[in-house]
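Structure, rendered in structure tokens:
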């Protein structure tokens, strides 16, 4: 497997995904499988992901583009929905990340609900991006 350069933004994304998975104090095997699936989608090996989760101590980077922000937030929603239970702590964590990604306070609740509902419906990231553009 060719070694790819994993950016600080992507490393930050995986750390946030891990935090989301832990936010309900029940880190299920489904959440772990999803974490590895997200890594595979980005050509990140299991070993590289393990290193990110256990050794990365760099700066936490917020994605710059709207598309990346939505993509990452939807990953969070999918992670939350992996065990088909949305805890209050997970909801709070998602809203916190929506806010930290620079979305307006008045849009946080609606965006959070939309992302979680879309995760429940198993929409693709492309569908999400297209719907939000309209």
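In my numbering, the protein residues as written are -11 to 122.
Glycine included, C-beta positions come from ideal geometry on N, C-alpha and C.
Since we're looking at a predicted model, the values are computed, not measured.
Length of the line joining the Cα atoms of residue -6 and residue 0: For this step, residue -6 is matched to residue 6 along the chain shown. For this step, residue 0 is matched to residue 12 along the chain shown. Cα-Cα distance, rounded: 10 angstroms.
Distance CB(residue 116)-CB(residue 100) smaller than 9 angstroms: Locating residue 116 in the chain shown gives position 128, where the first residue counts as 1. Locating residue 100 in the chain shown gives position 112, where the first residue counts as 1. No, they are not a contact pair.
Cβ-based neighbour list, residue 64, same chain, cut-off 8 angstroms, excluding 5 preceding and 5 following: Mapped onto the chain shown, residue 64 falls at position 76. Within the same chain, residue 64 has close Cβ partners 4, 5, 8, 81, 82, 85 and 103.
Residue from 69, 36 and 44 with nearest C-alpha to residue 109: By 1-based counting over the chain shown, the position of residue 109 is 121. Answer by Cα proximity: 69.
Backbone CA spacing between residue 40 and residue 17 [nearest angstrom]: In the chain shown, the residue the question calls residue 40 occupies position 52. In the chain shown, the residue the question calls residue 17 occupies position 29. Looking at the two C-alpha atoms, the distance is approximately 19 angstroms.
Residue 48 burial status per 10 Å Cβ neighbour count (16 or more: buried): Here residue 48 corresponds to residue number 60 of the chain shown, with the count starting at 1. It is exposed - the Cβ of residue 48 has fewer than 16 other Cβ atoms within 10 Å.
Endpoints, alpha helix (DSSP H) assigned at residue 110: Walking along the chain shown from the start, residue 110 turns up at place 122. In this chain, residue 110 is not harboured by any alpha helix (DSSP H), its DSSP state being neither H nor E.
Helix, strand or coil at residue 30 according to DSSP, with G and I counted as helix: As a position in the chain shown, residue 30 is number 42, starting the count at 1. The DSSP-derived three-state label of residue 30 is coil.
Sequence-distant residues of its chain with Cβ nearer than 6 angstroms to residue 30 (five each side left out): Position 42 of the chain shown, counting from 1, holds the residue named residue 30. Contacts found: none.
Terminal residues of the alpha helix (DSSP H) in which residue 56 lies: Start at 1 with the first residue of the chain shown, and residue 56 comes out as number 68. Taken as a continuous stretch (DSSP letters only), the alpha helix (DSSP H) holding residue 56 covers 54 to 69.
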